[in-house]
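Per our numbering, residue 415 is the first one in the sequence shown, and the count goes up by one each step. Down below is the structure, laid out as structure tokens.
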Amino acid sequence: MSAEMVFVEHCKGISGLDKVILREVRGSSAEVYLYGGQVISWKNDHGEELLFVSSKAPFKPPKAIRGGIPICFPQFGSHGHLEQHGFARNRFWSIDHDPPPFITNNSNKAFVDLILKHSEEDAKIWPHRYEFRLRVTLGPGGDLMLTSRIRNTNTDGKSFTFTFAYHNYFSVSDISEVRIEGLETLDYLDNLQDRQRFTEQGDAITFESEVDKIYVSTPTKIAILDHEKKRTFVLRKDGLPDAVVWNPWDKKAKLIPDLGDEEYKHMLCVEAAAVEKPITLKPGEEWKGRQELSAVPSSYCSGQLDPQKVLQGN
Ligand code: BG6
């Protein structure tokens, strides 16, 4: 390790937007935009990009950036009176210079603390005071951790209720070659059928058409296996009982202006979320929701990956 290793660099990104680059000793990196408090890039120690960002994303506020890890708060989806996925993803966040201490291991050097607070403007549509603290950490092994702490700072004695998601866009070689392990046999709410409840079959989840499902009360660990890339993403989550799986497929992709017509093939959203049971905070209360992403090489033997090993492994 060089003595000059810079773990955290503040600079300008696309369209002159402020960003923070996190780097770790073995060469992995991540980029976080203050606009949206959004991770836009996560690279492994070979410099390979692990997140999908649309080539048509304009990076022009007030539009949310299509790709990376948008934060959906205080509303996931369009069920509610706010704009789809809430407003946190198209607000300018600030660097949090003095975050309250974390109880967890803080030996990591590549991290940034961001904060979003209520504004007069937002109070017109969501009349609450809050502090949303987001820590993004790149671990020495290249794992990416996001921790959200949301506090009700209302002074009028009122509780508030919200839904939430880390809207992860994973980069995949070819959506037809990808499967998800860890969600089979679970109940889900189908966004394509007015959130009706169904039960998933026993097989691993594969993709051959549009999917937009909210799996409820899922295990804390989900694996996304990319056969062609021989790569497995492992998503671990805490405080976030649900998992949203979304791919727009060809017809819907054509209707999304900031997504290329063919780009649906190279993205898959698997989102750590709290949707089915909204979270309510009384004044002074804090909620914490955490996810950890890792990308591990996976071996391919006789046409089958062994997902159990992935799910059982650390
Ligand atoms: C997913 C939702 O999380 O996000 C989908 O389940 C939605 O219903 C998708 O279409 C993208 O949303 P947006 O607002 O970023 O286009």
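Beta carbons are placed, not taken as given, at the ideal position from N, Cα and C, and that holds for glycine. Bear in mind that the values here come from a model prediction, so they are computed numbers and not experimental data.
Short Cβ contact (8 Å threshold) for residue i with residue j
i	j	result
F574	S562	no
V422	A524	yes
V659	K627	yes
Y583	F501	no
E622	N661	no
E463	S469	no
Cα-Cα separation, residue i to residue j
i	j	result
S708	T634	14 Å
Y678	V648	21 Å
L606	F612	12 Å
K477	N504	6 Å
P735	L528	There is simply no residue 735 to check, as the chain begins at 415 and stops at 728 in what is shown.
P484	D570	30 Å
L719	T646	At L719, the pLDDT of 48 sits below 50, so the modelled position is not reliable; the number obtained from the coordinates is stated separately. Answer to the nearest angstrom: the Cα atoms are 10 Å apart.
S429	K457	21 Å
H680	K691	31 Å
K643	I517	37 Å
G553	V439	10 Å
E676	T567	44 Å
K702	A686	13 Å
W663	E706	27 Å
Residue range of the unbroken beta strand (DSSP E) whose run includes residue i
i	result
L456	Reading off the sequence, residue 456 comes out as Trp, not Leu. Run containing W456: 452-457, per the beta strand (DSSP E) assignment.
D557	Neither: D557 is in no beta strand (DSSP E) and is coded neither H nor E.
E598	Careful: E598 lies outside any beta strand (DSSP E) and carries neither H nor E.
K702	700-711
A478	Taken as a continuous stretch (DSSP letters only), A478 belongs to no beta strand (DSSP E), as it is neither H nor E.
D432	432-437
T577	574-580
Y629	625-629
Residue range of the alpha helix (DSSP H) that includes residue i
i	result
A471	Unbroken run through A471: none, as it is neither H nor E.
E534	534-537
K668	663-669
Query raised in the report: How do the region 445-456 and the region 427-434 stand: do at least 3 beta-carbon pairs fall below 8 Å, yes or no?
Result: Under the Cβ criterion (8 Å, minimum of three pairs), the region 445-456 counts as touching the region 427-434.
Query raised in the report: Can at least three beta-carbon pairs, one atom from the region 549-556 and one from the region 687-702, be found at a separation below 8 Å?
Result: Three or more Cβ pairs closer than 8 Å define a contact, and the region 549-556 falls short of that threshold against the region 687-702.
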